[in-house]
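Undergrad: Quick one: structure below, then a few questions.
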Amino acid sequence: MTKIESVLRPGKLEDVKNELGKFGIKGMTVTQVIGCGLQKGHTEVYRGAEYNINLIPKIKVEIVIKDEDVEKVVSLISKAARTGQTGDGKIFIYPVADAIRIRTGEKGNDAI
Amino acid sequence: MKKSLMRSVFPLAIMFLLITPGLAGASQESAIDTGDTAFVMISAALVLIMTPGLALFYGGMVRRKNVLSILMQCFIIMCLVSVQWVLFGYSFAFGPDLGHIIGSLKWAGLSGVGQSPFPDYSATIPHQVFMLFQLMFAIITVGLIIGSFAERMRFPAFLIFAFLWTTIVYDPLAHWVWGVGGWLRNLGALDFAGGTVVHISSGVSGLIAALILGRRKGYGSESILPHCLPMTVLGAALLWFGWFGFNAGSALAANGLAASAFMVTNTAAAMAALSWVFAEWLHHGKPTMLGAVSGGVAGLVAITPGSGFVGPMSALAIGLVAGIICYLAVSVLKTRFGYDDSLDVFGVHGVGGTWGALATGLFASTAVNPAGANGLFFGNPGQLLIQLASVVATWVFAAVLTTVILKAISLVTSLRVSADDEEQGLDLSQHGEDSFADLVIGAPSMSSFSFIEDRAPVLKESSAGIQH
């Protein structure tokens, strides 16, 4: 099993979810995150005091899938999330030791 | 039968109820004007709502870990000053004069402050209504200072400070300017609704408090940003709304002067909001929401002392200047000197109040209020000097006594929270509460919730009983 962690533009979440849904992936964990990378931040002004805000809001989507699907899923996410501008995000891939469905006790691929 | 009896008796009873209070009022006290009384009572309630409004205005500007500390300080001020005022505060401020400096304790416990008017202050409303109206001013003045030491003062030290400040600073100042026999009143200083007493005193005291307590941890190195500007905007709206009671109510009658004060209050606030927004727009490239509401409040502050003495075009000028100089005070002056007046009590109330008090000496006109005086632009340069004297006296008095009070408290207990408590936030460290408890890890401590186990079987039995 493999965990795919994608950090995306907040506006691209629905597109990515739709593509994954069509592929048959229904389960995921979504988190609002902030971070920085190549994309520049912005300036905020409060009563004349300027602040440089370089941490930008992003969406983190975590899914765990079968090893054989990795290549296909990564290309689906990349295609759905890409605008071509800096700030499109990143995908990280991790091996997963095991997975357990708490309700039934199923393990491995059956549990995801 | 019953129904028809009800039909005939009911209207009679209503008519009786409507007539009796009128008769009773007429026979007891003929001098009371019901319109004036109703207006000033409503105005007092309007001024009261400014303090929770201020709590929202300030609360939105602090970080989320300190919101409750601001709300709590503002709310507790309402309670603390209300009690102090009844016990002896009103007597110190408005009681029979002692040496032109302070009122005597003759009216302590509101002794002699009754339902009939006290004509030296207000001939057409009950003395208690005048007393209540003035109480609301005493409350919000202490509340204003909270913004200067926000996010770092210990609650016990704050309580002692608030009590001492309202007693030693506010009460005498109110006496000087508004009390019969007060020396600034005798001098002819014009302060319709509290430019010196309320705004300069709180603004200057706020500056001193910010200097004595020192900067917040991380000031200048971390981003310390407002956590909820919509809350601040709502607070500013309540302030603007309540300010009509503050200024128009200060006419102490439902008359033309009240209407004039209402009109210049709105005009100056609107103009100042515009001038602040445009000043910031030119200076930093964006018109900001926080700038708009800050400008509105700056305009309200600046028009306060002159609200019963100036006309509409003067109000525009007062507002125009207020928005610009208050913006410069918070954005340039504060940065240059490096003090951490957290929510700009000095920049808005100290600077705006000083401008307003001096502007009254420029723009006052007896055409607006024959009981007032003319200012410099209406042929009476002397009034400006009198206003200047009242400004200087208020600055010095508030600065010296606030220093003394804070230094004295620091001998007994520490003013400031520990570095750890400040990092954690005042909501948790001072009050044991969390404003936005959307993710709290923890469970009820068993000791305080042990009754649940005792009650659980009882609940089961009773629900079983219902089923049968």
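Residue numbers (the working numbering), protein chains in the order written: chain U, 1 to 112; chain L, 1001 to 1468. Note that CB positions come from ideal geometry on N, CA and C, so glycine has one too. Predicted model, so just to flag it, every value in this text is computed and none were measured.
Let me know if U/Ile4 comes out buried or exposed under the rule of 16 or more other beta-carbons within 10 Å of its beta-carbon.
TA: For the purposes of this step, residue 4 of chain U is taken as residue 4 along the first sequence, with counting starting at 1. Its Cβ being crowded by 16 or more others within 10 Å, U/Ile4 is buried.
Undergrad: For a quick check, are the C-beta atoms of L/Phe1192 and L/Gly1308 less than 8 Å apart?
TA: On the second sequence, position 192 is the one that residue 1192 of chain L refers to. On the second sequence, position 308 is the one that residue 1308 of chain L refers to. Contact flag set, yes.
Undergrad: Check the Cβ of L/Ile1331 against every Cβ in chain U and list those closer than 8 Å, keeping chain order.
TA: Residue numbering aside, residue 1331 of chain L sits at position 331 when the second sequence is read from its first letter. The sequence given here places Ser at residue 1331 of chain L; Ile does not occur at that position. Residues of chain U passing the Cβ test: Arg47, Gly48 and Ala49.
Undergrad: Find out if the Cβ-Cβ distance for the pair L/Leu1173, L/Phe1397 is shorter than 8 Å.
TA: Position 173 of the second sequence, counted from the start, is the residue given in the question as residue 1173 of chain L. Position 397 of the second sequence, counted from the start, is the residue given in the question as residue 1397 of chain L. Their beta carbons are under 8 Å apart, which means L/Leu1173 touches L/Phe1397 by this criterion.
Undergrad: Nearest-angstrom Cα distance between L/Ser1473 and L/Ile1139?
TA: With chain L represented from 1001 up to 1468, any question about residue 1473 of chain L goes unanswered, as that position is not in the structure.
Undergrad: If you draw a straight line from the C-alpha of U/Glu14 to the C-alpha of U/Val30, how long is it?
TA: Mapped onto the first sequence, residue 14 of chain U falls at position 14. Mapped onto the first sequence, residue 30 of chain U falls at position 30. In a straight line, the C-alpha of U/Glu14 is about 11 Å away from that of U/Val30.
Undergrad: Since I believe U/Lys58 is in contact with U/Val33 (beta carbons under 8 Å), could you give me their beta-carbon distance rounded to a whole number of angstroms?
TA: Here residue 33 of chain U is taken as the residue at index 33 of the first sequence, counted from 1. Here residue 58 of chain U is taken as the residue at index 58 of the first sequence, counted from 1. Rounded, the Cβ-Cβ distance is 5 Å, consistent with contact.
Undergrad: Since L/Thr1267 contacts L/Gly1319 with CB under 8 Å, what's their CB separation in whole angstroms?
TA: What you label residue 1267 of chain L is simply residue 267 of the second sequence in a count that begins at 1. What you label residue 1319 of chain L is simply residue 319 of the second sequence in a count that begins at 1. Yes, L/Thr1267 and L/Gly1319 are in contact; Cβ-Cβ is about 7 Å, under 8 Å.
Undergrad: On a Cα-Cα basis, can you pick out the residue from L/Gln1383, L/Met1131, L/Cys1326 and L/Gly1235 that is closest to L/Val1345?
TA: Position 345 of the second sequence, counted from the first residue, corresponds to residue 1345 of chain L. The candidate whose alpha carbon is nearest that of L/Val1345 is L/Cys1326.
Undergrad: Do you know how far the Cα of L/Leu1187 is from the Cα of L/Pro1052?
TA: In the second sequence, residue 1052 of chain L corresponds to position 52, counting from 1. In the second sequence, residue 1187 of chain L corresponds to position 187, counting from 1. Cα to Cα, the separation comes out at about 35 Å.
Undergrad: Per DSSP, U/Tyr94 forms a beta bridge with which residues?
TA: Taking the first residue of the first sequence as 1, we reach residue 94 of chain U at position 94. U/Lys3.
Undergrad: Is the beta carbon of L/Ile1409 sitting closer than 8 Å to the one on L/Trp1165?
TA: Within the second sequence, residue 1409 of chain L is the residue found at index 409, counting from 1. Within the second sequence, residue 1165 of chain L is the residue found at index 165, counting from 1. In this structure, the beta-carbon distance from L/Ile1409 to L/Trp1165 does not fall below 8 Å.
Undergrad: Which residues, in chain order, does the segment 1256-1278 of chain L contribute to contact with chain U at a C-beta distance below 9 Å?
TA: none
Undergrad: Would L/Asp1344 pass as an interface residue toward chain C - the criterion being a Cβ-Cβ separation below 8 Å?
TA: In the displayed structure, chain C is absent; the protein chains listed are U and L.
Undergrad: Could you work out which residues of chain U lie near L/Thr1335, taking near to mean beta carbons separated by less than 8 Å?
TA: What you label residue 1335 of chain L is simply residue 335 of the second sequence in a count that begins at 1. Going along chain U in sequence order, the residues near L/Thr1335 (Cβ under 8 Å) are Gly48 and Ala49.
Undergrad: If you draw a straight line from the C-alpha of L/Arg1063 to the C-alpha of L/Ile1070, how long is it?
TA: Locating residue 1063 of chain L in the second sequence gives position 63, where the first residue counts as 1. Locating residue 1070 of chain L in the second sequence gives position 70, where the first residue counts as 1. Their Cα atoms are separated by approximately 11 Å.
Undergrad: For L/Pro1226, is the classification buried or exposed, using 16 other Cβ atoms within 10 angstroms of its Cβ as the cut-off for buried?
TA: Stepping through the second sequence from its first residue, residue 1226 of chain L is reached at position 226. Classification for L/Pro1226: buried.
Undergrad: Which residues in chain U sit within 7 Å of L/Thr1288, going by Cβ to Cβ distance?
TA: On the second sequence, residue 1288 of chain L is found 288 positions in, with the first residue counted as 1. The answer, in chain order, is Val45.
Undergrad: Is the beta carbon of L/Phe1039 closer than 8 Å to that of L/Thr1232?
TA: On the second sequence, position 232 is the one that residue 1232 of chain L refers to. On the second sequence, position 39 is the one that residue 1039 of chain L refers to. Taking 8 Å as the Cβ cut-off, L/Thr1232 and L/Phe1039 do not qualify as a contacting pair.
Undergrad: Are the C-beta of L/Ser1294 and some C-beta of chain U separated by less than 8 Å?
TA: To locate residue 1294 of chain L, count along the second sequence from 1; it is residue 294. Taking Cβ atoms only, chain U reaches closer than 8 Å to L/Ser1294, which makes this a yes.
Undergrad: Using a cut-off of 8 Å between C-beta atoms, extract the partners of L/Ser1223 located in chain U.
TA: Your numbering for residue 1223 of chain L matches position 223 in the second sequence. Within chain U, the residues near L/Ser1223 are Tyr51 and Ile53.
Undergrad: Using alpha carbons as the reference points, say which of L/Val1086, L/Gly1242 and L/Asp1120 lies closest to L/Trp1107.
TA: On the second sequence, position 107 is the one that residue 1107 of chain L refers to. When each option's Cα is compared against that of L/Trp1107, the closest is L/Val1086.
Undergrad: Taking C-beta to C-beta, are L/Thr1394 and L/Ser1205 nearer than 8 Å?
TA: Translated into positions along the second sequence, residue 1394 of chain L becomes position 394. Translated into positions along the second sequence, residue 1205 of chain L becomes position 205. Not a contact, by the Cβ cut-off of 8 Å.
Undergrad: Quick test of the definition: if touching needs 3 or more C-beta pairs under 8 Å, does the segment 1263-1283 of chain L touch the segment 1293-1309 of chain L?
TA: yes
Undergrad: Please list the segments of the alpha helix (DSSP H) lying wholly inside the segment 25-103 of chain U, counting only runs of 4 or more residues, in order along the chain.
TA: 70-81
Undergrad: Comparing C-alpha positions only, which one of L/Ala1093, L/Ala1055, L/Val1321 and L/Phe1094 sits nearest to L/Ile1076?
TA: Position 76 of the second sequence, counted from the first residue, corresponds to residue 1076 of chain L. For the residues L/Ala1093, L/Ala1055, L/Val1321 and L/Phe1094, the minimum Cα distance to L/Ile1076 belongs to L/Ala1055.
Undergrad: Restricting to runs no shorter than 4 residues, where is the alpha helix (DSSP H) found entirely within the segment 1153-1199 of chain L?
TA: Annotation: the segment 1153-1199 of chain L contains the following complete segments of the alpha helix (DSSP H) (minimum length 4 residues), in chain order: 1155-1165, 1171-1178 and 1183-1187.
Undergrad: For L/Trp1240, report the span of its alpha helix (DSSP H) as first-last.
TA: In the second sequence, counting from the first residue as 1, residue 1240 of chain L sits at position 240. Leu1229 to Ala1248 is the span of the alpha helix (DSSP H), which, as asked, contains L/Trp1240.
Undergrad: Would L/Glu1422 be called buried (16 or more neighbouring beta carbons within 10 Å of its own) or exposed?
TA: As a working note, residue 1422 of chain L is residue 422 in the second sequence. Label assigned to L/Glu1422: buried.
Undergrad: Give me the chain U residues within the contact set of L/Pro1230, using Cβ-Cβ distance strictly less than 8 Å, ordered along the chain.
TA: Within the second sequence, numbered from 1, the residue matching residue 1230 of chain L stands at position 230. In chain order: nothing, as chain U lies at least about 15 Å away.
Undergrad: In whole angstroms, what separates the C-alpha of L/Gly1194 from that of U/Gln39?
TA: Taking the second sequence and counting its residues from 1, one reaches residue 1194 of chain L at position 194. Taking the first sequence and counting its residues from 1, one reaches residue 39 of chain U at position 39. If you take the alpha carbons of L/Gly1194 and U/Gln39, they lie about 51 Å apart.
Undergrad: From the beta carbon of L/His1284, is the nearest beta carbon of chain U less than 8 Å away?
TA: Numbered from its first residue, the second sequence carries residue 1284 of chain L at position 284. For L/His1284, the answer is yes, since a Cβ of chain U falls inside 8 Å of its Cβ.
Undergrad: Please decide whether L/Gly1291 counts as near chain U, where near means a Cβ-Cβ distance under 8 Å.
TA: As a position in the second sequence, residue 1291 of chain L is number 291, starting the count at 1. It does; some Cβ of chain U falls within 8 Å.
Undergrad: Would you kindly work out how many angstroms separate the C-alpha atoms of L/His1100 and L/Val1177, rounded to a whole number?
TA: Counted from its first residue, the second sequence places residue 1100 of chain L at position 100. Counted from its first residue, the second sequence places residue 1177 of chain L at position 177. Their backbone Cα atoms lie some 10 Å apart in a straight line.
Undergrad: State buried or exposed for L/Gly1245, treating a residue as buried only when at least 16 other CB atoms are found within 10 Å of its CB.
TA: Your numbering for residue 1245 of chain L matches position 245 in the second sequence. When all chains shown are included, L/Gly1245 counts as buried.
Undergrad: Since I believe L/Met1061 is in contact with L/Leu1343 (beta carbons under 8 Å), could you give me their beta-carbon distance rounded to a whole number of angstroms?
TA: What you label residue 1343 of chain L is simply residue 343 of the second sequence in a count that begins at 1. What you label residue 1061 of chain L is simply residue 61 of the second sequence in a count that begins at 1. Going by Cβ atoms, the distance from L/Leu1343 to L/Met1061 rounds to 5 Å, so yes, they are a contact pair.
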